[in-house]
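Protein chains in written order, with our numbering: chain A, 2 to 285; chain B, 2 to 392. Heads up, the thing below is written out as structure tokens.
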């Protein structure tokens, strides 16, 4: 049982509900499933848990073609066949052709590691079901070499999902769950403070107002998120833009400066320009 | 106490399993949290609820079960010592504000009124302009807008808020699931999954490999074929309000069944017929409208369109500009229907009205004609036919 508790780090602001869920997962050694809008720091959470608790971090990024088996190990049959045709000595030992996956690596660590399974919803619907036993018992069987791999320490498994597919109940029952809400203004101030300590007060206020107002614009294809706000602030600082430029009167007439960091597609920029045009027309 | 909470959750429609309940008990035993009701709320939520759309239901059950319990943890009750309040208020007030209070009849009078209110008030309160509670404009309570207000339980509380987190019900909007015997509908909807052969080459094509290895004089030559995966994209338009209220339940069954079946599923609400605006959130239908044009541009033509509605309305609502019962529409519903169908070649209309009645309702006839007879009844059988049309 670990005495360590996660409570955010110097560059990650964790709200109380998030730390409670993470600590529950750490204590019992069960996976935690994290959902939330893109850009709210789901993936970063795993990195920061590893940093905060000083554990090694292993990452497994899931794609639409990823199979559950690849996380455990892969048997490279093609390489073995080719070697056999070339008469290579290695061919007699099958274990030469077993390639370890991130889960196997995590099970072998000497200290309890953090394993990130990123964007689990990208994979096939059956993907989570194929990992049930491995997540529950933290062990699996290698058919080719007839060995059972058991975790030395139950890894802290952080799973992220973007909600593109529903996950099966049996899988969910084995996880803790946390939904990261979009931070309110107060939390956002904390987050910005962590990333840009000592940012000019007025600039930050104006920028946050502009940002939240932009998020309110109906019909945006992609609402700007926390990570985009941070990028934008970085740009504003680099260009040394005075806070007055961001003040609300100006904003109705023009796009905010460096809007490319906030609005990521053409249609959204057009939409916004159209709204500005309408505002101008109404003003006259 | 927790056992009754567990059963209350199940009654409230949350499918909490025994293993999840045991996990929670194990965590409590290991003292993961301090004796704090808010932490307990977060912990039990992480343990027992696995879908953000169920957060709101959980909040309601939690609030019902633990009502009153939080009084044991903090000074939220009605017996607030007079001095405690006075101190707090004086701390939070500027000189001007203190002067304002003097103008109102002074501190003593304010306190007297507060006491009177406390006596009159029997239960916890939120909103409004008189009672002590939260979010209102009364001078007493928290998160209010009265400049001379007394903050009760806000500044003094450890978490700087008076409203319990679960009472805020911030996740109300996410509640879209309705698991009501969706089994049949699911079976039919599964027909819609089209297994397109696309994507990376990663399945061994055995016959081809044997062939080409033989031709290659025995040297291995691996052949791969693309693997099947699910690539169906769906736009779902749901009629809501008016004559559809009878059918909303059936529609929502279909809706909750549909959400897990496709690669992309986008849903929009409309009323009676399609006009220039749609909405995604029925609570804010009047404030946040999405131009239908934007929807047409945003979703590419390979989306499949499923419209659900009873198509029962006055013919004017389809044929004439300005025919809509809710607003003045510049262009007729039929024009918008045609635009939709021009964009999305694969489209069906599902109608919950019994088929027998279709021929007696002119508007159904008209829409069916507009859809080129691709209107099907909202039954498992009708769905099967519809899915066959779509795939």
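Cβ atoms here follow ideal geometry from the backbone N, Cα and C, with glycine treated the same way. Model, not experiment: these values are computed from the prediction.
Residues bridged to residue i by DSSP?
i	result
residue 10(A)	13(A)
residue 290(A)	The displayed coordinates of chain A run from 2 to 285. Any statement about residue 290(A) would go beyond what the structure contains.
residue 376(B)	350(B)
residue 274(B)	272(B)
residue 225(A)	Bridge partners of residue 225(A): none, in fact.
residue 267(B)	236(B)
residue 60(A)	117(A)
residue 148(A)	143(A)
residue 162(A)	36(A)
residue 205(B)	225(B)
residue 157(A)	115(A)
residue 280(B)	270(B)
residue 470(B)	As displayed, chain B neither begins before 2 nor continues past 392, which places residue 470(B) out of reach and without an answer.
residue 100(A)	75(A)
residue 308(B)	238(B) and 350(B)
Quick check on residue i: buried or exposed, where buried means 16 or more other Cβ atoms within 10 Å of its Cβ?
i	result
residue 28(A)	buried
residue 120(A)	buried
residue 264(A)	buried
residue 355(B)	exposed
residue 14(B)	exposed
residue 265(B)	exposed
residue 5(B)	exposed
residue 288(B)	exposed
residue 78(A)	exposed
residue 166(A)	buried
residue 19(B)	exposed
residue 12(B)	exposed
residue 352(B)	buried
residue 177(B)	In this predicted model, residue 177(B) has a pLDDT of only 36, less than 50, meaning its place in the structure is not dependable enough to derive any value.
residue 56(B)	buried
residue 377(B)	buried
residue 302(B)	exposed
residue 207(A)	buried
residue 205(A)	buried
residue 151(A)	exposed
residue 32(A)	buried
residue 218(B)	exposed
Thinking residue i and residue j are a contact (beta carbons under 8 angstroms), I'd like their distance in whole angstroms, please.
i	j	result
residue 122(A)	residue 162(A)	4 angstroms
residue 19(A)	residue 179(A)	6 angstroms
residue 193(A)	residue 237(A)	That pair is no contact at about 11 angstroms.
residue 293(B)	residue 277(B)	5 angstroms
residue 169(A)	residue 130(A)	6 angstroms
residue 62(B)	residue 9(B)	6 angstroms
residue 350(B)	residue 312(B)	7 angstroms
residue 100(A)	residue 75(A)	5 angstroms
residue 262(A)	residue 214(A)	About 16 angstroms; that fails the 8 angstroms criterion.
residue 268(A)	residue 222(A)	6 angstroms
residue 258(A)	residue 246(A)	6 angstroms
For residue i and residue j, what's the separation of their Cα atoms in angstroms?
i	j	result
residue 202(A)	residue 266(A)	30 angstroms
residue 244(A)	residue 43(A)	31 angstroms
residue 220(B)	residue 207(B)	15 angstroms
residue 49(A)	residue 47(B)	19 angstroms
residue 275(A)	residue 22(A)	43 angstroms
residue 239(A)	residue 181(A)	30 angstroms
residue 375(B)	residue 272(B)	20 angstroms
residue 7(A)	residue 160(A)	17 angstroms
residue 37(A)	residue 147(A)	40 angstroms
residue 325(B)	residue 45(A)	49 angstroms
residue 7(B)	residue 217(A)	38 angstroms
residue 419(B)	residue 365(B)	Chain B is shown only over 2 to 392; residue 419(B) falls outside these bounds and no answer can be derived.
residue 334(B)	residue 66(B)	49 angstroms
residue 66(A)	residue 226(B)	13 angstroms
residue 80(B)	residue 137(A)	Bear in mind that a pLDDT of 49 at residue 80(B), under 50, signals an unreliable position, so the model cannot answer this.
According to the Cβ coordinates, are residue i and residue j closer than 8 angstroms?
i	j	result
residue 40(A)	residue 226(A)	yes
residue 69(A)	residue 28(B)	no
residue 368(B)	residue 275(B)	no
residue 61(A)	residue 126(A)	no
residue 339(B)	residue 233(B)	no
residue 135(A)	residue 173(A)	no
residue 124(A)	residue 116(A)	no
residue 322(B)	residue 332(B)	yes
residue 12(A)	residue 195(A)	yes
residue 307(B)	residue 237(B)	yes
Is residue i close to the ligand NAD? I mean its beta-carbon at under 7 angstroms from any heavy atom of the ligand.
i	result
residue 116(A)	Ligands displayed in this structure: none; no statement on the ligand NAD is therefore possible.
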